[in-house]
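What follows is a short report on a single structure.
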Amino acid sequence: RGLIRQHQFNKVELVKFADPEHSYEELESLTNDAAKVLELLGLPYRVSLLSTGDVGFSSAKTYDLEVWMPSYNRYVEISSCSNFEDYQARRADIKFKNNPGDKARYVHTLNGSGVAIGRALAAVMENYQTADGDI
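As numbered in our numbering, residues 10 to 144 make up the sequence shown, in order.
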């Protein structure tokens with residue numbers, strides 16, 4: 010299967026708990042954090058907003074980050090960042106209060122796969138390989 014189509018893979022997971030009023034700002038920040046890794050590696054990438062038909066029922070909004078893979082002649086998903094709003098928090102009963110006297114409210118949970126390590130390594134190798142085979 011190689012480094013691209015792995016059944017199991019290593020990745021850095023990004024997780025945030027946010028108050029409902031700022032969770033979509035936090036999703037943008039989380040997505041930018043994942044994109045920053047690709048920028049620092051100098052890899053060509055794009056960010057796609059998934060349609061509601063392409064996201065799981067628990068996600069309210071999801072971005073996929075895709076890196077260019079010359080051997081496939083296409084972009085391949087390397088990261089995914091989602092806002093689950095209060096879906097996961099309700100099941101785990103994760104609440105917060107802004108002030109001691111306030112009513113407890115459910116947090117919004119956000120999660121992103123920072124970068125799939127194997128795919129990132131393959132992307133670096135493919136995008137930086139010279140004509141004589143050096144990397």
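Ideal Cβ positions, reconstructed from N, Cα and C, are used throughout, including at glycine.
Spatial distance of residue i from residue j (CA atoms)
i	j	result
Met48	Lys112	Note on residue identity: the sequence assigns Glu, not Met, to residue 48. Their backbone Cα atoms lie some 42 Å apart in a straight line.
Val24	Asp73	16 Å
Gly104	Ala27	The sequence as given places Lys at residue 104; Gly does not occur at that position. Taking the straight line from one Cα to the other gives about 10 Å.
Glu37	Met78	25 Å
Tyr81	Ile144	18 Å
Leu50	Ser57	19 Å
Ser67	Pro109	30 Å
Val133	Lys106	44 Å
Thr71	Cys90	6 Å
Asp42	Lys20	14 Å
Ser88	Ala44	9 Å
Tyr84	Glu35	25 Å
Gly123	Tyr54	14 Å
Ser32	Glu135	36 Å
Of the residues the options, the one placed nearest residue i, counting alpha carbons only
i	options	result
Glu30	Ala140, Arg100, Asn136 and Glu94	Glu94
Where residue i falls, given that 16 or more other Cβ within 10 Å makes a residue buried
i	result
Gly142	exposed
Tyr137	exposed
Arg128	buried
Ala125	buried
Leu39	buried
Glu86	exposed
Glu75	buried
Leu52	buried
Leu119	buried
Ala131	buried
Jot down the residue ranges of each uninterrupted beta strand (DSSP E) in the segment 80–144, minimum 3 residues, whole runs only, in chain order.
Counting whole runs of 3 or more residues, the segment 80–144 contains the beta strand (DSSP E) stretches 83–92 and 117–125.
Does the pairing of the segment 44–62 with the segment 97–110 give three or more beta-carbon distances under 8 Å?
Touching, no.
Under 8 Å, with one C-beta from each stretch per pair, do the segment 105–125 and the segment 80–94 reach the 3-pair mark?
They touch, by the three-pair rule.
Taking only runs that begin and end inside the segment 21–58, name each unbroken alpha helix (DSSP H) of 4 or more residues, in chain order.
Listed in chain order, the alpha helix (DSSP H) runs fully inside the segment 21–58 are 32–49, counting runs of at least 4 residues.
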